[in-house]
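In this text, residue positions in the sequence shown follow the numbering used here: the first is 460, and each later residue adds one. Note that the Cβ used here is the ideal one computed from N, Cα and C, for glycine as well.
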Amino acid sequence: MASVPVVKAAVYDAPGPPGVLRYDDVPDPEIRPGAVLIDVEAISIEGGDTLNRLRGAVERAPHIVGYQCAGTIAEVGAGVSDRHVGQRVVATVPHGSHAERLLAPAAATWLVPDGADIVKIACVPVAWGTADDCLFEFGRLVAGETVLVQAGASGVGLAAIQLAKRAGATVLATAGDDGKLARLEAFGLDHGINYRTTNFADAVFELTNGRGVDLVVESVGSTLADSMSSLAYRGRIAYVGDAGRDDHPVDLGPLKAGNRSIHGIFLGAELVAGPRAHDNIDRLIGEVAAGELQVVVDRTFPLAEAAAAHEYLESRKAFGRVVLIP
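If you want it as structure tokens, here you go:
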């Protein structure tokens with residue numbers, strides 16, 4: 460009886476801490492209509508990857524976590540006319556990126572520009588598409604306004620700082636380390652706030668002469684109440700993440716007094732809703748490839764060391780992205 464082809468992947472059988480991940484054989488994905496099979500070269504670990512590994516549902520064990528990766532197309536499914544074997548692409552999927560090979564819908568891929576660093580492009584779609592939507596599509600940021608970016612040294616944070624500064628905003632950001640805040644200045648940060656040593660809401664009002672900020676990019680979750688307290692009159696919150704792993708309810712009543720608002724944001728829904736978000740990410744990939752925007756990769760780990768990579772990302776020591784290399 461013929462053996463089933465296998466590839467290596469980082470898998471787990473039940474949710475939990477990074478140690479649940481193990482490096483093991485899994486069946487080689489089979490091509491399907493409308494999809495492409497990708498030989499993976501770089502895997503960007505997203506915040507959602509760690510949250511799913513920690514407490515997400517496992518429909519079938521062993522489970523392969525992961526939203527995003529980049530590599531070279533090895534096979535093209537029936538009905539796909541705009542992709543071909545040998546093209547380099549970056550893909551987003553609900554899960555499965557932590558593997559040597561990935562089956563992805565062709566519509567959920569973007570071409571990697573010729574000559575671009577595939578490791579950096581592997582980090583673009585989720586973080587940069589999210590940051591751009593937080594600031595502009597839903598945050599309605601315009602030149603002259605002031606924005607507070609929570610977790611400024613994260614993937615979304617670094618993207619938001621650069622995009623907001625380029626748009627003519629004054630940029631504030633939080634981090635838990637003065638060294639990180641100093642490094643963020645090179646990417647457009649105007650004022651850094653160390654949340655470990657300073658109440659950031661108090662610092663915001665001091666830095667804005669008592670006015671507050673027009674927009675907060677809120678990717679932490681546990682800081683939501685203080686982000687609300689940081690808003691100027693008619694200020695907005697782009698609420699996009701729960702990296703702080705805090706499930707405590709927040710009283711939204713204080714928003715009313717200042718005609719403030721909060722907007723929940725999920726990039727995946729926008730990608731399903733129509734071509735706008737996909738086209739926007741394609742533009743951002745081009746700008747990163749051209750050097751107009753900077754992706755920062757803190758560390759790379761072999762795929763076999765996915766548990767250590769997840770642990771490092773969760774330690775909050777990283778400045779920028781953590782990437783797995785099969």
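Among the options, nearest to residue i - alpha-carbon criterion
i      : options                           : result
Thr551 : Asn658, Asp710, Ala581 and Asn668 : Ala581
Arg693 : Arg481, Lys467, Thr605 and Arg519 : Thr605
Ala558 : Phe725, Ala469, Thr568 and Ala537 : Ala469
Gly700 : Arg514, Val709 and Leu510         : Leu510
Ala716 : Leu730, Ala691 and Asp738         : Ala691
Ala732 : Ala566, Val571 and Leu561         : Ala566
Gly536 : Thr568, Val578 and Ile490         : Ile490
Val499 : Ala749, Asp508, Pro488 and Asp741 : Pro488
Arg560 : Ala684, Val548 and Leu496         : Leu496
Ile784 : Arg519, Val578, Gly493 and Gly671 : Val578
Gly545 : Ile532, Arg775 and Gly538         : Ile532
Pro790 : Val755, Gly478, Ile523 and Asp541 : What is shown of the chain runs 460 to 785, which leaves residue 790 out entirely.
Arg519 : Leu640, Ala662, Asp472 and Pro761 : Asp472
Asp637 : Leu772, Thr657, Arg625 and Ala626 : Thr657
Glu596 : Gln753, Ala736 and Ala749         : Ala736
Asp484 : Gly669, Val466, Pro477 and Gly478 : Val466
Leu714 : Ala501, Gly538 and Ala684         : Ala684
Per-residue burial, residue i [other beta carbons within 10 Å of its own, 16 or more giving buried]
i      : result
Glu677 : buried
Gly555 : buried
Ala516 : exposed
Gly779 : buried
Pro584 : buried
Val463 : exposed
Val630 : buried
Ala634 : buried
Phe725 : exposed
His543 : exposed
Leu711 : exposed
Val601 : exposed
Asp592 : buried
Ser686 : buried
Glu665 : exposed
Met460 : Summary for Met460: the model assigns pLDDT 46, below 50, so the residue's position carries little reliability; its value from the coordinates is reported in the next sentence. Exposed.
Asp508 : buried
Gly723 : exposed
Gly616 : buried
Anticipated Cβ contact below 8 Å, residue i with residue j, distance rounded
i      : j      : result
Gly620 : Gly611 : For clarity, residue 620 is Ile in the given sequence; the question names Gly instead. Indeed they touch by this definition, with Cβ atoms about 6 Å apart.
Ser688 : Ala660 : 4 Å
Arg695 : Asp673 : 7 Å
Leu569 : Ile744 : It should be noted that the sequence gives Trp, not Leu, for residue 569. Right, the Cβ-Cβ distance comes to about 6 Å (below 8 Å), so this counts as a contact.
Pro474 : Leu513 : 6 Å
Leu622 : Ala590 : 6 Å
Ala586 : Ala618 : 5 Å
Pro572 : Ala748 : 4 Å
Val709 : Ile502 : Actually they do not touch by this definition, with Cβ atoms about 33 Å apart.
For residue i: DSSP bridge partner residues
i      : result
Arg481 : Val470
Gln527 : Ser503 and Thr551
Trp569 : Val549
Ala494 : Pro564
Glu489 : The partner list for Glu489 (beta bridge, DSSP) is empty, contrary to what the question assumes.
Glu518 : Paired residues: none, contrary to the question.
Val539 : Note: Val539 sits in no beta bridge, so no partner.
Ile577 : DSSP output for Ile577 lists no bridge partner at all.
Leu690 : Val672
Glu559 : Paired residues: none, contrary to the question.
Leu783 : Ile502 and Phe760
Val679 : In the DSSP output, where bridge partners are listed per residue, Val679 has none listed.
Val465 : Pro486
Contact test: residue i Cβ vs the ligand FAD heavy atom, cutoff 7 Å
i      : result
Ser540 : In terms of ligand content, the structure shown is empty, and the ligand FAD therefore cannot be addressed.
**Message:** Just to confirm the assignment: which complete beta strand (DSSP E) runs, minimum length 3, are found wholly within the segment 696 to 775?
**Reply:** DSSP runs (the beta strand (DSSP E)) wholly in the segment 696 to 775: 720 to 723 and 756 to 761.
**Request:** Entirely within the segment 590 to 675 and at least 3 residues each: give me those beta strand (DSSP E) ranges in chain order.
**Result:** Whole beta strand (DSSP E) segments, 3+ residues: 605 to 608, 629 to 634 and 650 to 653.
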